[in-house]
Structures are given as structure tokens and as C-alpha cells.
Amino acid sequence: MSGAPTRTASRLEHSTFVRVLTRVGLASIGLLHILIGVIALAVAFGAGGTADQSGALQAVAAVPGGVFVLWLIVIGLIVLALWQLLVAVTAHGAATKVVEVAKAVIYGALAFITVSVSLGGGQNSTGKQKSGSAHLLALPGGVFVLGLIGLIVVAVGVEFFRNGVTSRFERDLKLPPDRWAEAITVLGRVGYIAKGVALVLVGGLVVLGAVTYDPSKATGLDGSLKTLASVPFGVVALVVIALGLIAYGLFWCVRSVKARL
């Protein structure tokens, strides 16, 4: 009886329809990171924009037919989240199951943000993050919770960076042995390192906001990248991170087509 959910999950994993929509979800993650990277480049060269998921989604919504694309992204992200739950059910080991469930939660959260933007919401994400940090700091023990959140983000960033430097992410790839394999691996290395640096920057500013009791410093990805642009040589670093995020997005897009699920 206990094996019935596993067998059902395994059948769904091998469904062609589910796999196609899962690939749409993978490509959606790639598209978002490419747009975030492009917006970050614009910020580096003095243009406006919100360099985070919300800003990227709003950029999609602003083009003709963009809302249709957003709803396609919503479907892809929801299916991708469900896919990770299927993987969690069929995976061996408690640690692996927890990681897969965490991925499902992240994709589900992105789907929620996408729905919000599709319906005309999601504006001023940086302001919302500052407001959320302020509310958290006002609660008893909130400063410790905010600091812990920042440390967790830093830890995730370090893990991304380590995966990029050591190419550990390749263990999760199921690439066919063709000319695309090396290109995908290079994009992955550059992308993982860049995203790791960006997350460490975000988490570091959140911790700084907690230590200084200043919620304005906990500004999320957009605020962190703009803060970076304001320091000496920060624009150069921002351009490098932006190009890395674009590489990370391309990695997901190519992976969505070439990698075996």
C-alpha cells in the first residue's frame, strides 16, 4: 500500500505531457534570470529598472502578448513545482526529499509572484521588502529572525558559488554526450558562481540591516545590485554579475531543451 503513491508518481514522471510542461517551467526560470541580468546591465549603465523576479516579470507584461507569456510561465512553474514533488516522492534518502520539496516551494512562490504581476500587482518589490523587514524588526526577537534569514541566504549563496567552482551541479544534469554538453556546463559554472555572489550580497545586506536595526538596508536583489553600483568599482562588479545571471538563464533555457528529465 505504501508503494502506491511512489508508483503513481513514477508514472506521472514519465508522462510526455507532464515532461513538456516541466520543460516550459525550466525555460521560464531561464527567461527570468536572463531578464534580471539585462535589467542589471541597464542599472549598471545608468538606466532604470527593477532587477529582480518581479521586475523581470513586469518587463514581460509590458510587451505585446506579454500577459499570455506570463500565464504560460505560471503553468510551467506550477508543473515544475509539482514535478519536484514527484521527484521527492520517488527519491531515496530524507535529505534528498527535503531538497526537492524546498525546490517545489520556491517554484510555487515564483508562480504566485507571476500570477500577481499578471493581474496587475507586484509593483515596488523593493519597497515591500523594506516594509517587511521593518515589520519584522518591530516584533520581539524580530532582529534575530531577520539576521537568521540573511545568514540562510548567505549560506545558499555560498552553496551556489561552491557548486559553480567545483561543478557539483553537473551531478544533477542528465546531458546527452553531444556538443551541447560542454556549452551547458560552461554556462552553468559561470551562472552558478554569479548567482552565488548575488545571493551572498543580498544576504549580507539583510544581516547588516538586522545588525544596524535599519530595514532600509535589507532591500532584496534589486536594492543589493543598486547598492553595489554606488560603491567604487561597483559598476564593473555589477556588469560581471549581470552577465553571469544571463549565463545562468541561458543555462536553464538550454537545459530545458537538451537535458534528460
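Counting in the UniProt record's numbering, the final residue of the sequence shown is number 261, and the numbers go up one at a time with none missing. The C-beta atom is built at its ideal place from N, Cα and C for all residues, glycine as well. Treat the numbers as computed from the prediction; the structure is a model and nothing was measured.
- With fewer than 16 neighbouring CB atoms inside 10 Å of its own CB, Val105 falls in the exposed class.
- Collapsing the DSSP output to three states places Ala27 in a helix.
- Within the same chain, Cβ atoms closer than 7 Å to the Cβ of Thr114 are found at Leu57, Leu70, Ile73, Val74 and Leu77, the five residues on either side in sequence being excluded.
- In terms of Cβ geometry, Ala88 and Lys97 form a close pair [threshold 8 Å].
- The alpha-carbon of Ala61 is positioned some 7 Å away from that of Ser118.
- Counting along the chain, Ser54 sits inside the alpha helix (DSSP H) bounded by residues Gln53 to Ala61.
- A residue is called buried when at least 16 other Cβ atoms come within 10 angstroms of its Cβ; Ser54 meets this threshold and is buried.
- When Val79, Gly66, Val101 and Leu199 are compared, the shortest CA-CA separation from Phe17 is found for Val79.
- Counting the other Cβ atoms within 10 Å of the Cβ of Pro140 gives fewer than 16, which makes it exposed.
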